[in-house]
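First the structure, in the form of structure tokens, and then the observations on it.
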Amino acid sequence: MDREENKVDVIVVGGGPAGISCAVTIARAGKQVVLIERGKFSGSKNVFGGAIYAQPTREVFPDFEKTAPIERKTVEHKYALLGKDDATVISYKKKHEDAVSYSVIRGKFDRWMAEEASKEGVVIVEETVVRELIVENGCVKGVKTELEDYYCDIVVLADGVNSLLAKQIGLRGDLTPHDVALSVKEVIKLPPEIINERFNVNSDEGCIYEIFGGPMLGMLGLGFMYTNKESVSIGLGITLSDLIEKSLRPYELLDKLKEHPQIAPLIKDGELLEYSAHLIPEGGFKKVPIVFGAGVMVCGDAASFVNNLHWEGTNLAMVSGKLAGETAVIALGKGDFSEHALSRYQQELEDSFIMKDLRTYKDLMSGISERASEFLGYYPQKINSFFEMFTSVDSVPKRKKYKDFIKVFFTERNISELFKDIWSAVKLLWSILVK
Amino acid sequence: MSDIEDKLYTVKYTPDTTSHLQPVQECCRICKSKICTVICPAKVYEWDENNRKLIVNYENCLECGACRIACESCSLGWEYPRGNKGVTFKQG
Chain A
83 MDREENKVDV
93 IVVGGGPAGI
103 SCAVTIARAG
113 KQVVLIERGK
123 FSGSKNVFGG
133 AIYAQPTREV
143 FPDFEKTAPI
153 ERKTVEHKYA
163 LLGKDDATVI
173 SYKKKHEDAV
183 SYSVIRGKFD
193 RWMAEEASKE
203 GVVIVEETVV
213 RELIVENGCV
223 KGVKTELEDY
233 YCDIVVLADG
243 VNSLLAKQIG
253 LRGDLTPHDV
263 ALSVKEVIKL
273 PPEIINERFN
283 VNSDEGCIYE
293 IFGGPMLGML
303 GLGFMYTNKE
313 SVSIGLGITL
323 SDLIEKSLRP
333 YELLDKLKEH
343 PQIAPLIKDG
353 ELLEYSAHLI
363 PEGGFKKVPI
373 VFGAGVMVCG
383 DAASFVNNLH
393 WEGTNLAMVS
403 GKLAGETAVI
413 ALGKGDFSEH
423 ALSRYQQELE
433 DSFIMKDLRT
443 YKDLMSGISE
453 RASEFLGYYP
463 QKINSFFEMF
473 TSVDSVPKRK
483 KYKDFIKVFF
493 TERNISELFK
503 DIWSAVKLLW
513 SILVK
Chain B
2 MSDIEDKLYT
12 VKYTPDTTSH
22 LQPVQECCRI
32 CKSKICTVIC
42 PAKVYEWDEN
52 NRKLIVNYEN
62 CLECGACRIA
72 CESCSLGWEY
82 PRGNKGVTFK
92 QG
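See below:
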């Protein structure tokens with residue numbers, strides 16, 4: 083094959099939110115861009131909770147709310163702290179006029195985004211796996227697929243959490259079990275009226291559950307529930323290192339979560355539509371790879387752009403994709419694809435919320451995992467036992483109950499451990515709020 | 002409780018004729034934890050003690066990549082299935 087015939091301006095690897103946002107940004111500037119997706123269609127290899135965020139999505143597709151396949155507009159966030167057989171739930175409800183987030187299904191939503199991008203000039207090549215990057219004189223010049231080689235001036239890697247390609251060219255090292263969470267999810271079909279009733283929402287309105295404890299007590303793991311139009315997504319993600327250390331099967335933990343008395347009634351009599359699994363990059367700031375090189379940029383999950391505390395990922399993916407796209411357009415204008423030219427992308431990331439937020443939480447995961455059994459086990463359980471005590475009516479005087487409750491902290495944990503807990507919490511707060 | 006086979010039954014696959022997962026059996030034989038047989042969300046790996054061999058049900062793979070990262074000896078050959086093969090999530 084003639085090399086010139088197979089040459090375009092930019093090749094984007096991966097048709098998820100990052101890749102599509104990048105490709106459409108480039109196409110809108112009138113440049114040639116090919117988006118290569120390994121699945122049968124965009125979203126067919128993707129899994130998330132999940133909800134997409136309205137404002138960042140509008141940055142790429144300003145009118146998406148009019149035509150995109152949206153499930154429900156989020157009006158309520160519930161934070162459920164599960165004990166073995168009890169639960170404390172905090173809820174925040176607001177019917178925003180301008181939606182903050184919408185539940186969507188990736189197989190529908192990503193596919194819609196890809197179709198929109200295609201209308202705007204992105205050439206989408208599906209069912210094609212990029213096996214290797216073509217590197218000449220230290221500069222990325224194209225991609226090798228199973229069928230043929232494609233050449234370009236810039237390759238953007240939006241190939242997801244496993245990004246074998248970023249690894250191939252040395253932009254990142256191996257991921258360790260501490261750097262990823264393994265997530266499993268079930269989508270459970272229920273009639274819309276039942277969903278509305280059980281989750282106390284109107285039609286088209288949705289509720290998100292963020293679940294702590296339960297089968298994940300003491301582990302770096304969280305559960306989630308999202309309401310879709312005619313189904314409920316339920317799942318959990320646990321740091322792979324915890325699963326390995328405790329030798330746990332992820333789907334068995336999910337089964338336990340589904341059986342918890344707080345959760346079971348919500349999904350009762352539902353029919354399992356689909357089971358899925360995916361990795362979430364959890365390494366945060368410290369595990370962000372080198373995101374640019376000569377002729378190459380990395381965005382989305384491939385760059386570990388996930389803010390796990392706030393359940394953000396697709397927004398970081400879309401915005402990083404857009405920023406990479408803008409840098410590509412400028413580089414194409416100048417005809418300069420050097421490392422120096424593409425370093426603009428890094429600068430843009432630094433100036434955006436992406437690197438700022440990742441930096442804010444740089445010590446979060448390590449801080450919590452050092453004392454996971456305390457922060458994610460002991461204390462959450464104590465919150466439930468506080469409410470158990472507070473709500474009990476058994477002719478025991480209240481002052482005695484309070485004293486007994488406080489006394490337990492000193493009998494169950496020795497003083498030095500208590501101080502360590504407090505010190506870790508203060509250190510963590512300091513790292514988030516100050517430096 | 003639905004078991005894992007029932008869960009996997011809901012997933013759409015287009016299986017390839019060859020496996021995209023290639024364990025190095027010599028490493029598996031001396032691997033103590035055989036952790037892939039535990040953490041894999043699709044129960045792809047099973048240890049066959051009689052034949053001292055790791056069985057790979059690659060047709061059930063959800064392509065998450067956990068086994069590659071968890072593999073104790075980092076010896077697992079792991080790549081994506083060919084473009085038109087593997088899992089197709091409809092409800093991701």
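Taken in sequence, the protein lines are chains A and B.
In this note's numbering, each number is its position in the first sequence, counted from 1, plus 82.
In this note's numbering, each number is its position in the second sequence, counted from 1, plus 1.
Yeah, the Cβ is synthetic: ideal placement off N, Cα and C, and Gly gets one too.
Computed from a predicted structure; not experimentally measured.
H422/A and S323/A: beta carbons closer than 8 Å?
Taking 8 Å as the Cβ cut-off, H422/A and S323/A do not qualify as a contacting pair.
What does L63/B touch in chain A if you count any residue whose Cβ is under 7 Å from its own?
Residues of chain A whose Cβ lies closer than 7 Å to the Cβ of L63/B are, in chain order, S358, A359.
Which of the three DSSP states, helix, strand or coil, is assigned to R154/A?
R154/A falls in the strand class under three-state DSSP.
Look at the alpha carbon of V95/A and the alpha carbon of V378/A, and state the distance between them as a whole number of angstroms.
Straight-line Cα distance between these residues: approximately 11 Å.
S420/A at chain B interface by Cβ criterion, 8 Å:
For S420/A, the answer is no, since every Cβ of chain B falls outside 8 Å of its Cβ.
In the stretch 167–212 of chain A, which residue ranges form an unbroken beta strand (DSSP E) of at least 3 residues, counting only runs that do not cross its ends?
Entirely contained in the stretch 167–212 of chain A, the beta strand (DSSP E) runs reaching 3 residues are, in chain order, 169–175, 183–185, 205–207.
Against chain B, which members of the stretch 188–203 of chain A pass a CB distance test of less than 9 Å?
Using a CB distance below 9 Å, the part of the stretch 188–203 of chain A facing chain B consists of R188, G189, K190, D192, ordered along the chain.
May I ask which residues mark the beginning and end of the alpha helix (DSSP H) holding W512/A?
For W512/A, the enclosing alpha helix (DSSP H) stretches over residues 497–515.
Please list the partners that K9/B has in chain A, where partner means a Cβ-to-Cβ separation under 8 Å.
The sequence given here has Leu at residue 9/B, not Lys. Those are Y357, listed as they occur along chain A.
When the cut-off is 8 Å and only beta carbons count, does R331/A lie next to chain B?
Chain B contact via Cβ: present.
Alpha-carbon spacing of M2/B relative to Y232/A, whole angstroms:
Note on M2/B: pLDDT 44, under 50, position unreliable in the model; the coordinate value appears next. Separation of M2/B and Y232/A (C-alpha to C-alpha, rounded to the nearest whole angstrom) is 49 Å.
Near E430/A, which residues of its chain fall below 6 Å by C-beta distance, leaving aside the five closest residues on each side in sequence?
Correct list, in chain order: L405.
Using a Cβ-Cβ cut-off of less than 9 Å, list which residues of the stretch 120–131 of chain A approach chain C; keep chain order.
The structure shown contains no chain C; its protein chains are A and B.
Residue span of the beta strand (DSSP E) that contains C289/A, given as start and end:
Membership of C289/A in the beta strand (DSSP E) is indicated by the continuous run 287–295.
How is C306/A classed by DSSP in three states: helix, strand or coil?
Contrary to the premise, residue 306/A reads as Phe rather than Cys in this sequence. Residue state for F306/A is assigned as strand, using DSSP reduced to three classes.
Using C-beta distances below 8 Å, list every residue in its chain close to Q428/A, excluding the 5 sequence neighbours before and after it, in chain order.
For Q428/A, the CB contacts under 8 Å within the same chain, skipping 5 residues up- and downstream, are V373, F374 in chain order.
Would you identify the three-state DSSP class for G125/A, choosing helix, strand or coil?
Coil at G125/A, not helix or strand.
Taking just the CA atoms, how far does M437/A sit from E73/B?
Taking the straight line from one Cα to the other gives about 32 Å.
For a contact defined as C-beta to C-beta under 8 Å, what are the partners of V243/A on chain B?
Result: G66.
Rounded separation between E394/A and V388/A - CA only
Their backbone Cα atoms lie some 6 Å apart in a straight line.
Just how far apart, CA to CA, sit A67/B and A359/A?
A direct Cα-Cα distance of roughly 10 Å separates A67/B from A359/A.
List in chain order: all unbroken beta strand (DSSP E) runs of 3+ residues lying wholly within the stretch 335–380 of chain A.
The stretch 335–380 of chain A contains these whole beta strand (DSSP E) runs: 353–363, 378–380.
Tell me, please, which residues DSSP counts as bridged to W393/A.
For W393/A, which the question treats as bridged, DSSP gives no partner whatsoever.
Does the beta carbon of Y121/B sit closer than 8 Å to a beta carbon anywhere in chain A?
The shown model of chain B, from 2 to 93, leaves out residue 121/B, and the question about it has no answer.
Chain B contact residues for P462/A, given Cβ-Cβ distances below 7 Å
Contacts between P462/A and chain B, judged by CB atoms closer than 7 Å, are missing: the closest CB pair is about 24 Å apart.
Classify T38/B: buried if its beta carbon has 16 or more other beta carbons within 10 angstroms, exposed otherwise.
Label assigned to T38/B: buried.
Are the beta-carbon atoms belonging to L330/A and I70/B less than 8 Å from one another?
It is not a contact, given that the beta carbons lie outside the stated cut-off.
7 Å Cβ shell around L253/A - same chain, five flanking residues per side excluded:
Same-chain partners within the cutoff: P371, I372, G375, V380.
Residues in the stretch 202–225 of chain A with C-beta within 7 Å of chain B's C-beta atoms, listed in sequence order?
The stretch 202–225 of chain A vs chain B, Cβ under 7 Å: E209, T210, V211.
Between the stretch 244–261 of chain A and chain B, which residues of the former have CB atoms less than 9 Å from a CB of the latter, in chain order?
So the close ones are N244, L246, D256, L257, T258, P259, D261.
Name the two residues that bound the continuous alpha helix (DSSP H) containing S103/A.
Counting along the chain, the alpha helix (DSSP H) containing S103/A begins and ends at 99–110.
So, does the CB of M2/B fall closer than 8 Å to a CB anywhere in chain A?
Bear in mind that a pLDDT of 44 at M2/B, under 50, signals an unreliable position, so the model cannot answer this.
What is the DSSP secondary structure of G96/A, reduced to helix, strand or coil?
Note: G96/A maps to coil in three-state DSSP.
With 8 Å as the threshold, decide whether the Cβ of Q26/B is near any Cβ in chain A.
Judged by the 8 Å Cβ criterion, Q26/B is not in contact with chain A.
G305/A and L325/A look like a contact to me (Cβ under 8 Å); what is the Cβ gap, rounded to whole Å?
About 14 Å; that fails the 8 Å criterion.
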